[in-house]
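19 is the number of the first residue of the sequence shown in the numbering used here; add one for each residue after it. Every residue, glycine too, gets a C-beta built ideally from N, C-alpha and C.
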Amino acid sequence: MYCKHCGQQIDDNADICIHCGKFVSQEAIKRKQEEESITKKGWFLAIICWLVGIFGVHRFLVGKIGTGVLWVITGGCFGIGVIVDLIMILCSSFTDKDGNKIPFGV
Ligand SMILES: [Zn+2]
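Given below as structure tokens:
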């Protein structure tokens, strides 16, 4: 795609133009923030984990696809993994795929 500020060609996934340094994709940034705002809330994950944790939904939400699939196959590590995850979420110790801790509070 092309930067709407300076007209130079830039990467399709770029958020910032490498030529003029301006934000090029407000839409993408906004979408990303909205996406993160709900999945990066511990209380939300706790509810999901409590309701459908054995399907690993809370793990998919934070981008942990690998263990999410494992949770689906094993029913949340036979229920143990779900309980561990729920405790971790309540303690704000649950991490996303990048290793960032997700705070429980709103
Ligand atoms: Zn530019």
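Counting of Cβ neighbours within 10 angstroms places C38 among the exposed residues, the total staying below 16. For F78, the three-state secondary structure derived from DSSP is helix. Collapsing the DSSP output to three states places K48 in a helix. Going by C-alpha positions, A32 is about 21 Å away from K115. Per DSSP, the continuous alpha helix (DSSP H) segment holding D103 begins and ends at I98 to L108. The C-beta separation of D103 from G71 comes to about 6 Å, placing the pair in contact by the 8 Å criterion.
Take I120, set aside five residues on each side of it, and the residues of its chain with a beta-carbon closer than 8 Å to its own are K58, K59, G60, L63, V80, I107, S110, F112, T113 and D114, in chain order. Around the CB of H76, 16 or more other CB atoms lie within 10 Å, so the residue is classed as buried. In summary, V87 is exposed, with fewer than 16 beta-carbon neighbours lying within 10 Å of its beta-carbon over all protein chains present.
Put simply, the backbone Cα of K48 is about 12 Å away from that of V42. DSSP, read as helix, strand or coil, puts F122 in coil.
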